[in-house]
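Heads up: the protein sequence lines correspond to chains R and C, in order.
Going by numbering that gives the first Met the number 0, the first sequence opens with residue 0, and the numbers climb by one from there.
Going by numbering that gives the first Met the number 0, the second sequence opens with residue 0, and the numbers climb by one from there.
For every residue, glycine included, the Cβ atom is placed at its ideal position computed from N, Cα and C.
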Amino acid sequence: MKDDLRKMKRDYQNIPIPQELKSRMEQSIAQAKTDMKSLPEASSESRHKTSKFIKIRRYVLGGISSATAAILAITILANSSAGIAHAMEEIPILGAIVKVVTFREYQHKEHQMQADLKIPEIQIENKEGEILDDAAQSLNDDVTAYTNQIIDTYEADVKAAGGEGVEDLTLDYDIVTDNDKLFSLRFQQYITMADASQSQKIYHIDKTTGKMITLQDLFLEHTDYQTVISDNIKTQMKQQMAEDDMKTYWLDSDIPECNFNEISKDVNFYVNESGTLTIVFDEYQVAPGYMGIVTFEIPTKILKDIVKDGYLK
Amino acid sequence: MNPPMIQELVEQELISNYASMYRLAFSYVKNEPDAMDIVQESAYLAIKNASTVRNQNYIRTWIFRIVINTALSALRQNSSEISAEIISEQGKNDRYTDFDTLEALNILNSKERTIVTLRYFEDCRLQDIADTLEENLSTVKSILYRSLKKLRVELTEGDDCYER
């Protein structure tokens, strides 16, 4: 029965979503806002009339609105690239200086499939201004491997679809942490196919050594940081679910294989502005899709005995 | 909460849930143009009535309730067309070949189908479903239990058929 339900769920989620649905919904929202201004006390009768009006509008406006959307997308794209380029120029810090020196773009559009990826390249200098190629190399290589994999998947989709597919892929990045000790580069991936999904990948440079680090490098050797963090996350999940009915995490759920058990060694994380370790889970990793990407702040006080100096506050 | 802010939140929920709203609508009317109209109309109603939302945590289920109500009233309004559709549906099975497991849902009545859909396909919590349908929790639980029983019978019969 569980298998049947899962199969049904898959089929349900494969109900194709018409391409123009989103723009038509946006029209309805705009229409509602306009009507509220002009008819603040709309009776149910006039409301009914207006909703019929929407139905007619759709045939007239369908084509026009998608053209507008395309132009808008191009404008926003150009602007946002410039904005990013500006923000990336340089970040003054005490130890090594990590900067994003260039970024490549991968862009593709064919029928209803499009991709837009921004791929940064970083450079690391020590205090004396010498460029540390080795350190930057390992991060840049990892980034390239990560983005190539995304591009390969997309290109395979394009090929498989043979011009009939609908997919919209975006990859963008930002610097989520940049303090005396750490520099962390976050990638955000959005894919819209039948359904939309979102995922993140975060890379870290220890600025005192110029080396790439992962979660376990934050902790002293032979400490069971995974259990300490996982237990805290479980407590937070339970607490959030008890306080708020809208929240669901897979913890003691109907489907045991989905349940959150322990964080993996390569779990995404960053250190937030107040110096707190923040664990990031992608959509569907620990919760149903509607919860989106979820994050948990791990109180520094429970980690103070196992964490190396300087990373957390 | 002030009205412009809640309207903003409703708008965000609409934009991020339009696909779910469409599927839910489609599961009632089973055709694209009507499902799209229902989504549009529901979005319109949600924005207009945003000020009636008391608890911002329930916006998503509140929107689902609007979709369901809109779908049901569309079905009522077109009741003459529905009887015609039922007849044509038997000759139109091809259309659903990709979703044949979903055909099993047809043995459920609309409330049962809604509960199964929200619980298993949209991952809603039982309490949220109860709020959406304005039923109490134990009623929803028992309807869900009954629906799963019906589905199990339907699906097992299907298996027998395939296995000969």
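For chain C, find out if any of its Cβ atoms is closer than 8 Å to the Cβ of R/LEU4; answer yes or no. yes
Are the C-beta of R/LEU20 and some C-beta of chain C separated by less than 8 Å? yes
C/ALA34 to R/GLU104 span [Cα, whole Å]: 38 Å
Would you kindly work out how many angstroms separate the C-alpha atoms of R/GLN111 and R/SER273, rounded to a whole number? 43 Å
Give the secondary structure of R/PHE259 by DSSP, where H, G and I count as helix, E and B as strand, and everything else as coil. coil
Output the boundary residues of the beta strand (DSSP E) element that contains R/GLN188. 181-191
Identify whether R/LEU170 lies in helix, strand or coil by the three-state DSSP scheme. strand
Where does R/LYS233 fall in DSSP's three states? helix
Quick check: C/ARG124 and R/ASP244, are their CB atoms within less than 8 Å of each other? yes
Checking contacts by CB at 8 Å: is C/ALA73 closer than that to chain R? no
Exposed unless 16 or more other CB atoms sit within 10 angstroms - verdict on R/TYR5: The sequence as given places Arg at residue 5 of chain R; Tyr does not occur at that position. Exposed, by the Cβ-count rule.
Please name the residues in the region 196-216 of chain R whose beta-carbon is closer than 7 Å to at least one beta-carbon of chain C, in chain order. none
List the residues of chain R whose Cβ lies closer than 8 Å to the Cβ of C/PHE120, in chain order. MET7, LYS8, TYR11, GLN12
When we look at the beta-carbon of C/ILE14 and count the other beta-carbons within 10 Å, is it buried (16 or more) or exposed? exposed
For chain C, check one thing: does any of its Cβ atoms lie closer than 8 Å to the Cβ of R/ILE16? yes
Touching by the beta-carbon criterion (3+ pairs, under 8 Å), the region 209-219 of chain R and the region 186-193 of chain R: no
Tell whether a beta-carbon distance below 8 Å holds between C/THR113 and C/ILE58. no
Taking the alpha helix (DSSP H) that C/PRO32 belongs to, which residues open and close that run? 31-47
Buried or exposed, going by whether 16 or more other CB atoms sit within 10 Å of the CB of R/HIS221? exposed
What are the partner residues of R/GLN107, as DSSP defines its beta bridges? The question names Gln, but residue 107 of chain R is His in the sequence shown. BP columns for R/HIS107 point to R/ALA114.
R/THR101 CB to nearest chain C CB: under 8 Å? no
Between R/ALA31 and chain C, is the shortest Cβ-Cβ distance under 8 Å, so that the two count as touching? yes
Output the distance between the C-alpha atoms of R/THR49 and R/GLY164, rounded to the nearest integer angstrom. Its pLDDT being 38, under 50, R/THR49 is placed unreliably by the model, and the measurement read from it follows with that caveat. Roughly 35 Å between the two C-alpha positions.
Are the region 260-269 of chain R and the region 222-233 of chain R touching by the rule of at least three beta carbon pairs closer than 8 Å? yes
Out of R/ILE174, R/GLU25, R/ASN178, R/LEU217, state which residue places its alpha-carbon closest to the alpha-carbon of R/GLN199. R/ILE174
Could you check the C-alpha separation between C/SER19 and R/THR213 for me, to the nearest Å? 36 Å
When DSSP labels each residue in this structure, what does C/LEU23 get in the three-state scheme? helix
In three-state terms, what does DSSP make of R/GLN199? strand
Would you kindly work out how many angstroms separate the C-alpha atoms of R/GLN148 and R/ASP141, rounded to a whole number? 11 Å
Where C/ASN105 falls, given that 16 or more other Cβ within 10 Å makes a residue buried: exposed
At the level of alpha carbons, what is the spacing between R/ALA159 and R/ILE204? 38 Å
Could you spell out where the alpha helix (DSSP H) holding R/TYR153 opens and where it closes? 132-160
Spatial neighbours of C/ARG170 in its chain, beta-carbon cut-off 8 Å, leaving aside the 5 residues before and after: Nothing in the structure corresponds to residue 170 of chain C, since chain C is present only between 0 and 163.
Quick check on R/ILE314 - is its C-beta less than 8 Å from some C-beta in chain C? This structure gives no information on residue 314 of chain R, because the portion of chain R shown stretches from 0 to 312.
In whole angstroms, what is the alpha-carbon distance linking C/ASP122 and R/LYS117? 33 Å
Enclosing beta strand (DSSP E) for R/ASN267 [first to last residue]: 267-270
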